[in-house]
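Accompanying notes for the structure given below.
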Amino acid sequence: MATAQDNQTDTVTIEVDGQELTARKGEMIIQVTDRAGIDIPRFCYHSKLSIAANCRMCLVDVEKAPKPLPACATPVADGMKVFTESRRTVDAQRGVMEFLLINHPLDCPICDQGGECELQDLAMGYGRSVSRFTERKRVVRDKNVGPLIETDMTRCIHCTRCVRFLEEIAGTCELGGMSRGEHMEIGTFVERNINSELSGNVIDLCPVGALTNKPFRHTARPWEMRARKYVGTHDCLGSHLHYHTRGPKIMRAVPRDNEAVNECWLSDRDRYSHFGLRSEDRLTSPQVKVDGQWREASWSDALDAAARALKGAVETHGGSELGVLVSPRATTEEHYLAAAMARSLGSENVDHRLRLLDFTHPQAGRAHLDVPTAKIAESDAILLVGSNIRHEQPILGHRVRTAWRQGGAKIADINSVAWDFHFDLAERMIVPPQAMVDTFARVAKAAADLTGAALPEGKLGEYIAARQPEHEAKQVAGMLKDAASGVLLLGDQALNHPEAGWLRRLAEWLAEALEVALVVLPGPANSAGAWTAGSVPGRGGLNARSMISKGRQAYLLWDIEPDFDLADPAAARRALEGAASVVAATTFDNAVLRETADVLLPLSPAPEVDGTWINADGHRDTLQAVGRAPEQSRAGWKILRKLGELAGAEGFDFATLDAVTRQALENDSAEAAHDEAAAPFVAEGDTLWRTGEVPIYSGDNILRRAPALQQTTHAAATVCAVHPTTARRHGLEDAERVRVRQGEASAELDLVLDERVAPGAVGLPVATCPVSTLGAGGGEISLEALS
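Shown next as structure tokens:
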């Protein structure tokens, strides 16, 4: 335990402008002054980045120093006296500013950064009214770095914040400084897109207008817009952000600082997704199908038709024939109201876990965190199971990288594809999906041998006991056993695996045996809110997959596109075509909904609605709508209130959203109805299994319509990828295209040989147009070469 004396030896006392301050040994002057609220100008310094000390704007006068020193790179010393407003300091800072402006184009009136430019702000205080330099300014050719970032490199002042961010935080090293002296330029070494999933943060970091938001560029000025608080709704972290609006329109998104959630960063999908709200296929008026033809209707008529369809099906076929499928991006209040209406009509068939294939665990798809997500950065050993953390949860991917980069954490993974991570791996176990449970069980057996822990009772313990761990399994188990703060993390690929229940039970036992933290991440945004609101099947109810595979007579679809958002698009289409009534509340028009639904209700999604979101850590954010929904689109809670009332559901006579919020947050579901667990799959022969990742920009209907995101490298054309060994075994080594079959469903796709894919696996993403007619994202699949 640290003593008071130890604390004193770790601190020093300095004086800044006559004010006595206490600092930690090794701190830089600027860190101490920032904490004390003393302003020192800077361009290159940023608290989250390494120190470069190349702008010199933070020069300060230090007693006994022969010249002004950079506050960002000068460590404190006991008794040091610093002067931030002395004549010497001010003259030095004015001199630096004069040099910076020698080559700067001074195009403030047309610069997109005008009004929020750090150089512009500081030039007001430290610049001269007239320049003493009359030489021609240099001009630097702009770089094309992709659809998200616009460059004006003549404005660049070489602060290198962007370079350091991409190297240290994003881990991609895609920008650098080339040439020297007045010929120095910042750019990519070979002209190419910046492909980091966090690339947009360089826009916020740039202190001038050299890097700007390409889709937003030249559409609004800062003083025309209002900042509105909201959260990102495309993953379970719920990054804090501000939407900047002008009138009813969302113009851009910027990060909102919160160290416990997203620090000061924002993923590209949260930054650019809102442009998808303006898609041309936005549904803006209620539609009712009459005699097989779609007709526009008033809200009153559409809601009457929807209520008759649902209530009529229940009265004719019974409440158990109603299935309610809700997007996990819906607000907690919408989840609660949809579930409450279904139960009032006699149905327990309610679910938000749309992509899951295995429901044998009572908390299938639910988050479980033994440590807060922020603490992942402090771990010294991490095992990723079924997780492409960079794309599934970009900010948490940064946390894992931080643990590796700053703390030297050892990281291992068990995956079906050797994903390109931005950290090094101590061990890597790349196996086909059909061998995932077996491989993970070998790690569990190695852990049991190391620790002497008793195996669990029943089938799980028998299965583990029958495994023989190989060298890699022993290494992974030893890595976690020796960790002081280890983490076992289950990602999307594990949760959406056909044997997810086995993987989760193995993870729970392994975490307990090795005394490491278990982190189960539910990919979708408000999954925690859905569980809290009871948007899962109750006793005797059907889960999302069973509602589709067994078919219901009536469906209520809430902000989903069946061909992209459900686990098995082919089965979903058959189930909807066979239903007597289908009511869909949707943000966008959709071909499958047009064919199968009877009523379409235009829905306002986040961020156009009030409501509560709960992230994986349990943080609750109750937010107000940002922007205005177009034409006749309505907030979900208002639609459900009226629909429930017309359908005769009880408790739908409330007048305000607050009343719903209180009930929704008091309705936590301990567990959901679940299936009986079967024995793990045993691979026979050359069985191929599909490993279907949800592409980073295909996770929901808004992302799929965000133009800039769909132009990125990450949104490349869908292909079928197999290991060269798999191609040889199945006679596909010379094939350029293949026919993919899943049951009766098939599709033709280009074939790519990719050594990252495990032999025996077929890398084929879900939620994209070319695969929207296929079956589940996991399970057996067959390939046939096309001539």
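Sequential numbering from 9 applies to the sequence shown in the numbering used here. Note that beta-carbon positions come from the ideal geometry of N, C-alpha and C, so glycine has one too. Owing to the predicted nature of the structure, the values given are computational and were not obtained by experimental measurement.
If you count every other CB in all the chains shown that lies within 10 Å of the CB of residue i, and 16 or more means buried, which is it?
i, result
"Ile110", "exposed"
"Gln567", "For clarity, residue 567 is Asp in the given sequence; the question names Gln instead. By the 10 Å Cβ count, Asp567 comes out buried."
"Lys418", "buried"
"Cys125", "buried"
"Ala462", "exposed"
"Trp510", "buried"
"Leu794", "exposed"
"Asp421", "buried"
"Gly626", "exposed"
"Lys558", "exposed"
"Met132", "exposed"
"His242", "buried"
"Arg286", "exposed"
"Glu435", "buried"
"Asp606", "buried"
"Met192", "exposed"
"Val760", "exposed"
"Ile118", "exposed"
"Gly537", "buried"
Can you tell me whether DSSP reads residue i as helix, strand or coil?
i, result
"Glu23", "strand"
"Glu2", "In the structure displayed, the chain extends from 9 to 795; residue 2 sits before or after that span and is not available."
"Glu815", "Absent from the structure is residue 815, since the part of the chain shown begins at 9 and ends at 795."
"Trp697", "strand"
"Ser612", "strand"
"Met444", "helix"
"Asp629", "strand"
"Ser795", "coil"
"Val90", "strand"
"Arg236", "strand"
"Val484", "helix"
"Phe107", "helix"
"Ile165", "coil"
"Gln13", "With a pLDDT of only 48 at Gln13, under 50, the local geometry of the prediction cannot be trusted, and the value read off the model is given with reservation. Gln13 falls in the helix class under three-state DSSP."
"Pro83", "strand"
"Phe224", "coil"
"Leu496", "strand"
"Leu219", "strand"
Based on Cα-Cα distance, which residue from the options lies nearest to residue i?
i, options, result
"Arg409", "Gly179, Arg50, Thr604, Leu648", "Gly179"
"Leu29", "Leu57, Cys52, Pro76, Ala85", "Ala85"
"Phe689", "Val296, Ala536, Gln442", "Gln442"
"Gly135", "His112, Arg144, Ile157", "His112"
"Ile59", "Gly87, Gln27, Thr82", "Thr82"
"Pro532", "Asp359, Ala474, Cys164", "Asp359"
"Asn534", "Ala485, Lys237, Asp694, Trp621", "Trp621"
"Lys646", "Asp388, Val298, His343", "His343"
"Gly327", "Arg337, Glu341, Ala347, Val24", "Ala347"
"Glu23", "Phe91, Ala338, Lys72, Lys56", "Phe91"
"Leu404", "Val147, Ala724, Ala624", "Ala624"
In its own chain, which residues sit with a C-beta less than 7 Å from the C-beta of residue i, not counting the 5 before and 5 after it?
i, result
"Phe141", "Ile110"
"Ala235", "His250, His252"
"Pro778", "Thr726, Ala755, Leu757"
"Ser493", "Glu386, Ser387, Asp388"
"Gln671", "Tyr344"
"Lys847", "The structure shown does not extend to residue 847, since the chain spans only 9 to 795, so no value can be given for it."
Between residue i and the rest of its own chain, which residues show a CB-CB distance below 6 Å, the 5 nearest in sequence each way excluded?
i, result
"Glu232", "Arg254"
"Ala583", "Ile556, Gly559"
"Gly652", "Met349, Phe660"
"Gly331", "Asn357, Met555, Arg560, Tyr563"
"Ala485", "Val451, Ala454, Ala455, Leu458"
"Gly313", "It is Ala, not Gly, that sits at residue 313 in the sequence shown. For Ala313, where only same-chain residues beyond five positions count, the Cβ hits under 6 Å are Val296, Val607."
"His325", "Gln561"
"Val393", "Ile422, Leu498, Ala502"
Between which residues of its own chain and residue i is the CB-CB distance below 8 Å, once the five residues before and five after are set aside?
i, result
"Arg642", "Trp307, Leu609, Pro610, Leu611, Ser612"
"Gly586", "Gly559"
"Gln802", "The structure shown does not extend to residue 802, since the chain is modelled only from 9 through 795, so no value can be given for it."
Quiz item: In the stretch 258 to 314, which residue ranges form an unbroken beta strand (DSSP E) of at least 3 residues, counting only runs that do not cross its ends?
Solution: 295 to 298, 301 to 304
Quiz item: Hey, which unbroken runs of the beta strand (DSSP E) at 3 residues or more fall wholly within the stretch 318 to 349?
Solution: 330 to 334
Practice problem: Let me know the alpha helix (DSSP H) ranges lying completely inside the stretch 358 to 440, each 4 residues or longer, listed in chain order. | Solution: 397 to 400, 402 to 415
Self-check item: Entirely enclosed alpha helix (DSSP H) segments - the stretch 731 to 784, minimum 4 residues
Solution: 732 to 737
Quiz item: Considering only residues of the stretch 504 to 576, which uninterrupted beta strand (DSSP E) runs meet the minimum length of 3 residues and lie entirely inside it, listed in chain order?
Solution: 525 to 528, 562 to 566
Practice problem: Run through the stretch 26 to 66 for me and flag every whole alpha helix (DSSP H) of 4 or more residues, listed as ranges in chain order. | Solution: 37 to 44
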